[in-house]
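Residue numbers (the working numbering): 23 to 387.
Glycine is no exception: its CB is placed at the ideal position from the N, C-alpha and C atoms.
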Amino acid sequence: MNHLELFAGVGGFRRALDLLQRDRVMNFHCIGYSEIDANAIKTYKANFKLNDDEVVLGDIVEFTHDENRILALPPFDLLTGGFPCQTFSMMGNMEGFNEDRGQMFFRIRDLIKVLKDNGRQPRYLLLENVKNLFTHDNKNTYRVIEEELIKLGYFVYPNVFNTVDFGLPQIRNRALIFCTTEELPSSFRDNFKTENVVSYFNNVIRKRRTSIRKYKTVNDILVKRVDQKYYLSARVKPTILSDGSGGFKSKSIIDLKIARPLTATMHKMHRACQDNYYSEQFIMSKGKNPVNPDMPKDEQANLDIRKLTPKEAFMLQGFPQTFYKKAHEANVSDGAMYKQAGNAVSVNMIYSVLYYLIKNKAIRE
């Protein structure tokens with residue numbers, strides 16, 4: 023099946039599709055991708071061998087302004103995309119469609135409309151965003167999105183899935199919107215939910231070998247010896263460990279076995295109630311000796327504490343260790359890789375949802 027990846031980032035959807043093909047679930051062929059971040063493109067190209075016929079769309083806004091460029095795309099049946107989510111996120115300014123990045127969904131609509139008008143509409147869409155997309159602006163934002171998708175001729179099936187349910191120790195609730203031009207049995211809407219997809223995932227893990235990487239806790243990911251640059255300085259530790267100040271108060275806890283959601287701005291080092299930090303004693307004991315959360319902050323500040331490395335951040339999203347290595351060799355900076363990992367879709371979750379859709383014949387070759 024031919025596939026187009028929009029807002030590709032470092033290729034989380036593509037990685038999941040490659041693994042499904044490797045596991046002989048279904049064959050996929052990427053005909054093109056769009057991305058505007060130069061560092062993300064470096065990481066993408068370092069980790070994927072581009073096909074000979076692959077179209078590099080670049081800036082999706084510029085691309086969709088030219089109908090001839092859209093019509094020059096090779097035929098494809100599946101479109102995926104994690105369109106920019108910061109405008110809908112609790113960590114962002116929540117301006118939604120009022121901010122330029124919030125308009126990116128409409129570029130997806132524009133591309134599909136041109137193809138539909140020329141008898142080339144993709145049969146399937148799988149779109150990803152933050153959970154808050156479904157409730158933003160009193161649910162009006164999602165209502166507009168769904169109405170536009172229905173106008174394009176799709177049956178629309180939305181739901182929320184959590185990374186932690188799919189073998190990755192990270193709390194990360196994400197909205198997924200599956201769309202198909204083919205009418206499905208009436209039972210599908212009720213059955214397309216977390217517990218059923220997780221059940222399929224668990225059965226796959228138990229009954230057959232898969233190419234996805236699975237971890238129970240962050241201790242399966244954390245490396246015991248890392249460069250000193252990842253450790254917090256004496257100057258920054260009091261800020262990182264504080265429970266907040268002014269109008270912002272939140273319990274600051276380190277050494278969580280299940281990580282908080284990775285963010286695109288984690289390289290800026292938020293407090294330990296927003297990002298993930300680990301003590302030396304926790305890492306060396308493989309999680310058996312975490313810091314007591316009631317320990318006074320000034321005592322905690324005397325401990326050796328570090329942040330995640332970029333490699334560990336990628337692994338928490340389901341990418342292999344070599345993903346970091348290839349990006350590093352392509353001269354992508356740590357700061358850029360933190361942003362990329364925070365923006366990425368979780369590979370295991372996408373793999374599992376697509377596996378469920380394929381096995382239930384919601385996606386067919």
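Between which residues of its own chain and residue i is the CB-CB distance below 8 Å, once the five residues before and five after are set aside?
i      : result
Pro191 : Tyr237, Lys238, Thr239, Val240, Asp242, Ile243, Lys279, Ile280, Ala281, Leu338
Asn218 : Tyr378
Leu26  : Cys52, Ile53, Gly54, Tyr55, Leu95, Phe98, Leu100, Leu101, Thr102, Pro144
Asn382 : Phe210, Asn213
Do the CB positions of residue i and residue j come within less than 8 Å of each other?
i      : j      : result
Val369 : Ile234 : yes
Gly104 : Glu150 : yes
Pro332 : Arg194 : no
Ile305 : Lys259 : no
Ile92  : Val152 : no
Arg145 : Thr232 : no
Thr86  : Leu133 : yes
Ala38  : Tyr252 : no
Asp187 : Val220 : yes
Ala286 : Ile262 : no
Asp277 : Pro312 : yes
Leu28  : Ile172 : no
Ala384 : Phe210 : yes
Ile58  : Asp81  : yes
Ala325 : Glu302 : The sequence shown places Leu at residue 325, not Ala. Cβ distance < 8 Å, so Leu325 and Glu302 count as in contact.
Asn181 : Lys215 : yes
Met291 : Gly364 : no
Around the Cβ of residue i, are there at least 16 other Cβ atoms within 10 angstroms (buried) or fewer (exposed)?
i      : result
Gly340 : buried
Gln250 : exposed
Gly34  : buried
Gly54  : buried
Asn69  : buried
Glu387 : exposed
Thr344 : exposed
Asp297 : buried
Val245 : exposed
Asn24  : buried
Leu42  : buried
Pro315 : exposed
Arg247 : exposed
Arg44  : exposed
Can you name, in chain order, every residue of its own chain whose Cβ lies under 7 Å from the Cβ of residue i, other than the five neighbours on each side?
i      : result
Met112 : Bear in mind that a pLDDT of 48 at Met112, under 50, signals an unreliable position, so the number given afterwards is only what the model happens to contain. So the list reads Asn154, once near-sequence residues are dropped.
Ile412 : Since the first residue shown for the chain is 23 and the last is 387, residue 412 is missing from the structure and cannot be characterised.
Phe119 : Annotation note: pLDDT 48 at Phe119 (below 50); position unreliable, coordinate value reported separately. Correct list, in chain order: Gln125, Thr163.
Glu170 : Arg131
Gly309 : Thr239, Asn241, Lys279
Ordered along the chain, which non-local residues of its own chain (more than five positions away) have a Cβ less than 6 Å from that of residue i?
i      : result
Phe156 : Tyr164, Ala197
Leu147 : Leu101, Cys201
Ala358 : Asn61
Quick test of your reading: residue i and residue j, contact by CB under 8 Å. State the CB separation rounded to the nearest angstrom.
i      : j      : result
Ala366 : Gly31  : 5 Å
Tyr360 : Ala335 : 6 Å
Lys138 : Leu174 : 6 Å
Phe177 : Leu206 : 6 Å
Asp265 : Ser255 : With 8 Å as the limit, Asp265 and Ser255 do not qualify as a contact, their Cβ atoms being about 20 Å apart.
Using a Cβ-Cβ cut-off of 8 Å, state whether residue i counts as contacting chain D.
i     : result
Tyr66 : No chain D appears in the structure shown, which is made up of a single protein chain.
Q: Please confirm if the segment 62-77 is in contact with the segment 343-356, defined as three or more CB-CB distances below 8 Å between the two stretches.
A: Touching, yes.
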